[in-house]
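Undergrad:
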Amino acid sequence: MEITHLDECVAYFEEIFPADCSGDITKADIRACCRAGVAFLDDGLCMCEGQVARGMLQQPGLLASSPLCGIQFPIPDDIAHFVADPGSSKPAAKMCKRHKKSSIQGRLSPRFLGLSPAALESALPGELPKFDDLYRHPPRGGFGVNYEVVTVGRPKASVIVNDRSREMDFDALVVYPVDWRLRSGEGRPRKVSSGGPFPVLAFSPGYLIHPHNHFRTFYELASHGVIVVAQYSTVGVSSGVDEGVMDAWVDDIVYSLVHVVEAGKTAGSILEGGVDQSRLAIGGHSMGGALSLPATVLANEEYGMGVGASIHVSPACKMRAGQCDMSTEAARKLKGVAALFIAGDEDGIEAWQFADFFRSQVPDSSEAELVLIEGASHCLWEDDPEVWTFVVECGKGSKSPFDAIYEMQEAMIRFLGEQGYISQA
1 MEITHLDECV
11 AYFEEIFPAD
21 CSGDITKADI
31 RACCRAGVAF
41 LDDGLCMCEG
51 QVARGMLQQP
61 GLLASSPLCG
71 IQFPIPDDIA
81 HFVADPGSSK
91 PAAKMCKRHK
101 KSSIQGRLSP
111 RFLGLSPAAL
121 ESALPGELPK
131 FDDLYRHPPR
141 GGFGVNYEVV
151 TVGRPKASVI
161 VNDRSREMDF
171 DALVVYPVDW
181 RLRSGEGRPR
191 KVSSGGPFPV
201 LAFSPGYLIH
211 PHNHFRTFYE
221 LASHGVIVVA
231 QYSTVGVSSG
241 VDEGVMDAWV
251 DDIVYSLVHV
261 VEAGKTAGSI
271 LEGGVDQSRL
281 AIGGHSMGGA
291 LSLPATVLAN
301 EEYGMGVGAS
311 IHVSPACKMR
321 AGQCDMSTEA
331 ARKLKGVAAL
341 FIAGDEDGIE
351 AWQFADFFRS
361 QVPDSSEAEL
371 VLIEGASHCL
381 WEDDPEVWTF
391 VVECGKGSKS
401 PFDAIYEMQE
411 AMIRFLGEQG
421 YISQA
């Protein structure tokens, strides 16, 4: 597989850069930190990668050592602004120019946006079309859709602590079917549809991606009678993804599924009586697509949940921190689970061969399918075009994100229908 500049920078930071240099540098070997900093910032130009620069926000030691070490890379005073708009620092932008063509950052394509090159060139960010202006959805099911943000409890303390995650609980988004035909003045119904009980899909977004970046996909599934739950806890995981964090990530996927199942049994819950425990599924995208493999195994082997289907979109397979090993081992344990793998054949972040590799590891006794979306990049989530140049691969590939997401949604709906999770499919 091709090793990208981002791969090199992340691997260097996680595997080579002295750990002492990331904290209080007064307690570190400053010479070693300086050598590492020069290699990382000047020679490697790793600040040119948006994901790396974001992680730098949590590493004050390296930033503090830069002026002491004579590092030449012009680190901006406002790194958050630099990450959002690399062009805001002209000296830094100039140094990063040689990486721009091969960068994994997204781009604005006139063809995808329905604009002429001249119109795109003159458009301000706020004047660009929104995602919903260009999004088209597959045929919807017969249910209305509602959503709630819920608090999911943990049976043990987690290492993932941020604005959306406390040690003993975290926030999650639940999108679910409702009875949409209302009498005048009733407002939007909060309780799950009377047409249930319904299957549940616990879907994990990837690295730095919010559940709301998959909301339209969740909406389509809910319209077909699928309850979807997605954890917010991992949105705040921006660096230091080690084995402990990955284990906690896997746990949160399972806890989300457990929460919804229990809510279906709880009097007064919005999901009361609406959850079908015999039709449970787990899935995710990118890092979530990979870690949903061990989550499926955990749910079945330790919680006895009987998860019967799993969906893995552009699953990540990086050797660092054992991520690929964990997911490979889990794929080999998917006995009695029908698995769908989806990938874009122009994905420059997680090659489609990773998805095919995981598919090949599923036991022969289980059904495993690969859907390859021709021309699709890694960007199979929903972001407005005004931010495409700041996130990975949105606007890249020969197929627009709108068409690629449409095909992904079609594949999910078809697969869940074939597995008996969607009666209208």
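Quick note, in the UniProt record's numbering, the sequence shown goes up one by one and the last residue is 425. Don't be surprised by glycine CBs; every beta carbon is placed ideally from N, CA and C. Note that the structure is a prediction, hence the values are computed from the model and not measured.
#1: Assuming D43 contacts S158 (C-beta within less than 8 Å), just tell me the rounded distance between them.
#2: Which residues in the same chain have their Cβ closer than 7 Å to the Cβ of C394, if we skip the five residues on either side of it in sequence?
#3: Within a Cβ cutoff of 7 Å, which residues of the same chain sit near A299, ignoring the five residues on either side of it in sequence?
#4: With a 10 Å radius around its C-beta and 16 neighbouring C-beta atoms as the bar for buried, classify R154 as buried or exposed.
#5: Buried or exposed, going by whether 16 or more other CB atoms sit within 10 Å of the CB of N234?
#6: In terms of DSSP beta bridges, what is E369 paired with?
#7: Give the secondary structure of Y12 by DSSP, where H, G and I count as helix, E and B as strand, and everything else as coil.
#8: What are the start and end residues of the alpha helix (DSSP H) that includes L113?
#9: Use the C-beta contact count for E121: other C-beta atoms within 10 angstroms, 16 or more gives buried, fewer gives exposed.
#10: Where does I405 sit, in a helix, a strand or coil, going by DSSP?
#11: With H, G and I counted as helix, E and B as strand and the rest as coil, what does DSSP make of I413?
#12: How big is the Cα-Cα spacing for L134 and L108?
#13: Under 6 Å Cβ to Cβ from A368, same chain only, skipping five residues before and after it: list those, please.
#14: How would you write the range of the alpha helix (DSSP H) that R216 sits in, first residue to last?
#15: Relative to the C-alpha of residue 464, which residue among E167, E350, E386, C46 is closest?
#16: CA-CA distance, A263 and L271?
#17: How is the beta strand (DSSP E) around D169 delimited, first residue to last?
#18: With DSSP as the reference, label F198 as helix, strand or coil.
#19: Can you say whether T151 is buried or exposed, counting buried as having 16 or more other CB atoms within 10 angstroms of its CB?
#20: Quick one, which of F112, A32, W249, V261 has its alpha-carbon nearest Y176's?
#21: Determine which residues share a DSSP beta bridge with E148 and list them.
#22: What does I282 pair with, by DSSP beta-bridge criteria?
#23: In its own chain, which residues sit with a C-beta less than 8 Å from the C-beta of P294, not counting the 5 before and 5 after it?
#24: So for G153, helix, strand or coil by DSSP?
#25: When DSSP builds the beta bridges, which residues end up paired with I227?
#26: Exposed or buried, which one is R183 when buried takes at least 16 other CB atoms within 10 Å?
#27: By how many angstroms is the C-alpha of G195 removed from the C-alpha of C9?
#28: Verify whether the separation of the beta carbon atoms of G141 and H224 is less than 7 Å.
#29: Starting from the Cα of R279, find the closest Cα among C317, Y232, G336, A248 and give me that residue.
#30: Determine the closest residue to V226 out of C34, A32, R414, with distance taken between C-alpha atoms.
#31: Quick check on S400: does DSSP put it in helix, strand or coil?
#32: Quick check on DSSP: helix, strand or coil for S165?
#33: If I'm right that G289 touches H312 with Cβ under 8 Å, what's the distance once you round it to whole angstroms?
#34: Pull up the distance between the alpha-carbon of M412 and that of C324, whole angstroms please.
#35: By how many angstroms is the C-alpha of C46 removed from the C-alpha of P18?
TA: Based on what the coordinates show:
#1: In fact, because the Cβ distance is near 37 Å, the residues do not count as touching under 8 Å.
#2: Shown here for C394: same chain residues with a beta carbon closer than 7 Å to its own, the five before and five after excluded, namely G106, C379, D383, W388, P401 in chain order.
#3: Excluding sequence neighbours, A299 sits near V254, L257, I282, M305, V307.
#4: Counting C-beta atoms within 10 angstroms of its own C-beta, R154 has 16 or more neighbours from the protein chains shown and is therefore classed as buried.
#5: Here the sequence assigns Thr to residue 234, which means Asn is not the residue at that position. Counting the other Cβ atoms within 10 Å of the Cβ of T234 gives 16 or more, which makes it buried.
#6: Beta-bridge partners of E369 (DSSP): L340.
#7: Correct three-state label for Y12: helix.
#8: Start and end: 110 to 113.
#9: It counts as exposed.
#10: Correct three-state label for I405: helix.
#11: In the three-state reduction of the DSSP assignment, I413 falls in the helix class, which pools H, G and I.
#12: Distance from the CA of L134 to the CA of L108, rounded to the nearest whole angstrom, comes to 14 Å.
#13: Counting only Cβ-Cβ distances below 6 Å, and skipping sequence neighbours, we find A339, R359, V362.
#14: Looking at the DSSP string, the run of the alpha helix (DSSP H) that includes R216 is 215 to 223.
#15: Past the boundaries of the shown model lies residue 464; the chain is included only from 1 to 425, so the question cannot be answered.
#16: Near 6 Å, if we compare the C-alpha coordinates of L271 and A263.
#17: 169 to 178 is the extent of the beta strand (DSSP E) around D169.
#18: Note: F198 maps to strand in three-state DSSP.
#19: Classified as exposed, T151 has fewer than 16 neighbouring CB atoms from the shown chains inside 10 Å of its CB.
#20: Across the set F112, A32, W249, V261, the C-alpha of V261 shows the shortest separation from the C-alpha of Y176.
#21: Secondary-structure assignment with DSSP links E148 through a beta bridge to V174.
#22: As computed with DSSP, I282 is found in a beta bridge with A202, S310.
#23: Around P294: V250, M326, S327, E329, A330.
#24: Three-state result, G153: strand.
#25: Beta-bridge analysis with DSSP links I227 to V200.
#26: With a pLDDT of only 48 at R183, under 50, the local geometry of the prediction cannot be trusted, and no value is derived from it.
#27: Cα-Cα distance, rounded: 51 Å.
#28: For G141 and H224, yes; Cβs fall inside 7 Å.
#29: R279 has its Cα closest to that of G336, out of C317, Y232, G336, A248.
#30: Of the residues C34, A32, R414, the one whose Cα lies closest to the Cα of V226 is R414.
#31: S400 falls in the coil class under three-state DSSP.
#32: In the structure shown, S165 sits in a strand (DSSP, three-state: E or B).
#33: The pair is a contact, with the Cβ atoms about 4 Å apart (cut-off 8 Å).
#34: Here the alpha carbons of C324 and M412 stand approximately 24 Å from one another.
#35: The C-alpha of C46 is placed about 16 Å away from the C-alpha of P18.
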